[in-house]
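Novice: Below is one structure. I have some questions about it.
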Amino acid sequence: MPENQRPSSPEPIADEYELSTCKVTVLGRIEASSNGALLVELEEGGLGIYKPESLERPLWDFSAGLYRRERASYLLARQLGLDFIPPIVIRNDLPFGRGSLQSFIDADFNRHYFDLFEEPDLQESFIEIAAFDMVANNADRKAGHILIDRERHLWGIDNALCFHYEPKLRTVIWEFGGASISESLLVAMAGAADSLDPEFRELLSDRERRTLVHRLRVLCSMGTLMDLDVDERPYPWPLV
């Protein structure tokens, strides 16, 4: 669906219960999505983003079922006390089959990370998102994957390319390299390293879970965000 035809949602974002139980009506395909994301209307009002496995584009390095990684990203953010990934569930009963259903964020879609990172009131939120991406090994944090809503709350969307056991960090958020991670987030990361959410056992492989725990412990020991390594290829493409 073209950007200028996407309806805005005046409703509060749907929680996990509503996403798990509501009926949905498919409104159209989001053209900018490379993996068949569909805009849907939720039964009780508001909108959602449905990403069926059947419409995924095959990738050489990530196995099919990217919707599981979207759910895992949400679970990790929630366990770390971070409120920047919209609620997301896995459904098996939607029109195009099994996939993820996520709350739609009514954001200013003309703005993205490169417009926002210098604004003082948002910088702590960017440090938190960058810390998440480093431990989740996010291979695709584009500028356009950062949204800001009417209350100036930041949201991170399109989190499917996370948790690979090989180093694949690709992000545009490098301006905060060396920044201190808050004590509360470090405590939460240490707790997650000791005991991950049980649902990860169904969503990620043993090797992916082990390397996630290793990354959590490394960042905890550092206490700061990693710096840009100019010898690597640390940026996604396209950038936005």
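The numbering of the sequence shown is the numbering used here, which starts it at 357 and goes up by one.
In this text, a Cβ means the ideal position worked out from N, Cα and C, and glycines have one as well.
In terms of residue numbering, what span does the alpha helix (DSSP H) encompassing Tyr406 cover?
Specialist: On the sequence shown, position 50 is the one that residue 406 refers to. Per DSSP, Tyr406 belongs to no alpha helix (DSSP H); it is in the beta strand (DSSP E), Leu403 to Pro408.
Novice: Would you mind working out which of Leu542, Ser459 and His468 sits nearest Met578, comparing C-alpha positions?
Specialist: For this step, residue 578 is matched to residue 222 along the sequence shown. With distances taken between Cα atoms, Met578 lies closest to Leu542.
Novice: Got a sec, what are the start and stop residues for the alpha helix (DSSP H) Arg447 sits in?
Specialist: Position 91 of the sequence shown, counting from 1, holds the residue named residue 447. Segment Ile444 to Arg447 is the beta strand (DSSP E) holding Arg447; no alpha helix (DSSP H) there.
Novice: Am I right that Lys407 and Glu387 are in contact with their C-beta atoms under 8 angstroms? What's the rounded C-beta distance?
Specialist: Residue 407 sits at position 51 when you count from the first residue of the sequence shown. Residue 387 sits at position 31 when you count from the first residue of the sequence shown. Actually they do not touch by this definition, with Cβ atoms about 14 angstroms apart.
Novice: Using DSSP's beta-bridge definition, name the partner residues of Ser536.
Specialist: Sequence index remark: in the sequence shown, residue 536 carries index 180 (1-based). In the DSSP output, where bridge partners are listed per residue, Ser536 has Thr580.
Novice: Between the stretch 567-586 and the stretch 546-553, do at least 3 Cβ pairs fall closer than 8 angstroms?
Specialist: Judged by Cβ distances under 8 angstroms, the stretch 567-586 makes contact with the stretch 546-553, as three or more pairs qualify.
Novice: Roughly how far, in whole angstroms, is the beta-carbon of Phe418 from the beta-carbon of His501, given that I think they are within contact range, below 8 angstroms?
Specialist: As a working note, residue 418 is residue 62 in the sequence shown. As a working note, residue 501 is residue 145 in the sequence shown. Not confirmed; about 16 angstroms, so no contact.
Novice: Just the Cα atoms here: how many angstroms apart are Asp496 and Leu525?
Specialist: Taking the first residue of the sequence shown as 1, we reach residue 496 at position 140. Taking the first residue of the sequence shown as 1, we reach residue 525 at position 169. One C-alpha to the other measures close to 8 angstroms.
Novice: Return helix, strand or coil for Arg434, following the three-state DSSP convention.
Specialist: Within the sequence shown, the letter at position 78 stands for residue 434. Here Arg434 sits in helix by DSSP.
Novice: Quick check on DSSP: helix, strand or coil for Ile502?
Specialist: Here residue 502 refers to the residue found at position 146 of the sequence shown. DSSP places Ile502 in strand when its eight states are reduced to three.
Novice: Does the pairing of the stretch 481-493 with the stretch 435-455 give three or more beta-carbon distances under 8 angstroms?
Specialist: Flag = yes, the stretch 481-493 and the stretch 435-455 touch.
Novice: Are there 16 or more other CB atoms within 10 angstroms of the CB of Trp593, so buried, or fewer, so exposed?
Specialist: By one-based count along the sequence shown, residue 593 stands at place 237. Trp593 is exposed by the Cβ-count criterion.
Novice: Looking at the unbroken alpha helix (DSSP H) that takes in Glu531, where does it start and where does it end?
Specialist: For the purposes of this step, residue 531 is taken as residue 175 along the sequence shown, with counting starting at 1. Where Glu531 is concerned, there is no enclosing alpha helix (DSSP H), given that its DSSP letter is neither H nor E.
Novice: Can you look up Val586 in the DSSP assignment and give me helix, strand or coil?
Specialist: Indexing the sequence shown from 1 puts residue 586 at position 230. Note: Val586 maps to coil in three-state DSSP.
Novice: If you follow the alpha helix (DSSP H) that Leu559 is in, where does it begin and where does it stop?
Specialist: Along the sequence shown, one-based indexing puts residue 559 at 203. Start and end: Phe556 to Leu559.
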